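**Student:** Just so you know, UniProt numbering puts 136 at position 136 of the sequence shown, and the rest follows in order with no gaps.
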Amino acid sequence: MHRHRPGLENITAALLLPIVPAVVAAATGGIVAEELPDHHHALTTVIASYVLWGIGESFSAIVLALYFHRLTIHSIPPKEVIVSVFLPIGPLGQGGFGIQQLGKVAMHVVPKSNAFGEVAARAGEMLYVLGVFFGIVMWGFALVWLSFALISIAMMPNVPRNLGAWGYTFPLGVLATCSNALAENLDSDFFKVATMIISLAVVLLWVVVATRTLKLAITGEMFHAPCLKDLREKSQAAGSDRRV
1 MHRHRPGLEN
11 ITAALLLPIV
21 PAVVAAATGG
31 IVAEELPDHH
41 HALTTVIASY
51 VLWGIGESFS
61 AIVLALYFHR
71 LTIHSIPPKE
81 VIVSVFLPIG
91 PLGQGGFGIQ
101 QLGKVAMHVV
111 PKSNAFGEVA
121 ARAGEMLYVL
131 GVFFGIVMWG
141 FALVWLSFAL
151 ISIAMMPNVP
161 RNLGAWGYTF
171 PLGVLATCSN
181 ALAENLDSDF
191 FKVATMIISL
201 AVVLLWVVVA
211 TRTLKLAITG
221 EMFHAPCLKD
231 LREKSQAAGS
241 DRRV
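1. Relative to the C-alpha of A194, which residue among Y168, A181, W206 is closest?
2. Any idea what DSSP makes of S147, helix, strand or coil?
3. Using CA coordinates, which residue listed in Q94, H69, V209 is at the minimum distance from G56?
4. What are the boundary residues of the alpha helix (DSSP H) that residue 301 is part of?
5. If I'm right that W166 touches I99 with Cβ under 8 Å, what's the distance once you round it to whole angstroms?
6. In angstroms, rounded to a whole number, what distance separates the CA positions of Y50 and V202?
7. Which ranges would you report for the alpha helix (DSSP H) in the segment 166-223 if only whole runs of at least 4 residues count?
8. Select from L71, L92, H41 the residue whose C-alpha is nearest the C-alpha of I82.
9. Could you tell me whether the segment 122-137 touches the segment 169-177, using the rule of 3 or more Cβ pairs below 8 Å?
10. Grouping DSSP H, G and I as helix and E and B as strand, with all else coil, what is M1?
11. Could you tell me the alpha carbon to alpha carbon distance between F86 and M155, rounded to whole angstroms?
12. Compute the beta-carbon to beta-carbon distance between A42 and L36, rounded to the nearest angstrom, for a pair I have assumed lies under 8 Å.
13. Please classify S58: does DSSP put it in a helix, a strand, or coil?
14. For K215, count the other beta carbons within 10 Å of its own beta carbon; 16 or more makes it buried, fewer makes it exposed. Which is it?
15. Whether or not the segment 144-154 and the segment 115-129 are in contact is what I'm after, with contact meaning three or more pairs of Cβ atoms, one per stretch, closer than 8 Å; do they touch?
16. Compare the Cα-Cα distances from H39 to each of L92, I62, V110 and report the closest residue.
17. Return yes when the Cβ of P91 is within less than 8 Å of the Cβ of S113, no when it is not.
18. Which residues bound the alpha helix (DSSP H) around M107?
19. Where does G7 sit, in a helix, a strand or coil, going by DSSP?
20. Distance check for H74 and V174, CA to CA, integer angstroms please.
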């Protein structure tokens with residue numbers, strides 16, 4: 001086991017990776033609760049999912065604040081981990097979809113339970129409206145991080161094309177699901193078009209990355225870690241400088 005204290009300049013959005021599963025589990029819980037025949041079980045699942053959503057989004061907000069601080073003080077991440085600039089979209093897109101799904105289920109489940117007493121029906125409707133509201137807010141914030149990510153990629157010369165490119169697909173994919181949920185809940189043509197554009201981008205990106213992965217597998221390059229390759233190049237350059 002190795003202990004170290006990374007400086008602020010070494011922090012990337014990869015810190016979100018252990019946190020995002022909580023948000024994914026919360027969104028999945030909303031889907032499962034919608035199909036449960038027993039409304040008591042459904043309500044328990046919804047409550048547990050809200051707890052998971054709160055945990056995941058709270059810690060994501062902390063990490064995003066730290067990561068934004070790192071970006072304002074230092075430059076964008078190095079090219080070896082440049083794919084991480086897309087990761088902040090993940091908890092926002094998935095969280096936006098999850099909170100809408102939970103609100104939609106709560107609107108039907110809460111009135112059938114003893115929760116909230118006489119105002120159960122209004123409480124369910126309020127949770128639904130709040131879900132859509134937070135979904136819009138998180139979609140907008142995800143759009144900001146998408147802009148940051150695209151600008152970072154555009155500013156980075158010679159972006160590595162390796163297996164890390166699969167990191168582009170999940171954030172954009174969950175942003176598409178959030179857009180689709182907003183399109184359904186708001187009956188908005190704007191979000192329908194946004195869903196179509198983002199979904200098409202995800203499909204095209206998946207095809208490109210899959211083709212690149214197949215090529216790397218055939219040539220054998222897929223089984224060589226990019227970080228070790230860069231380390232060897234730096235060592236060779238340092239050796240050349242010493243000989244000179």
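Heads up, the beta-carbon is just placed ideally off N, CA and C, and yes, glycines get one too. Every value quoted in this text rests on a predicted model; they were computed, and no experiment measured them.
**Tutor:** Quick look at the numbers:
1. A181
2. helix
3. Q94
4. Nothing can be reported for residue 301: it is not among the residues displayed for the chain, which extend from 1 to 244.
5. Not confirmed; about 26 Å, so no contact.
6. 28 Å
7. 169-186, 189-219
8. L71
9. no
10. Low per-residue confidence applies at M1: pLDDT is 43, beneath 50, and the placement is therefore not dependable enough to give any value.
11. 14 Å
12. 4 Å
13. helix
14. exposed
15. no
16. V110
17. no
18. 89-109
19. coil
20. 28 Å
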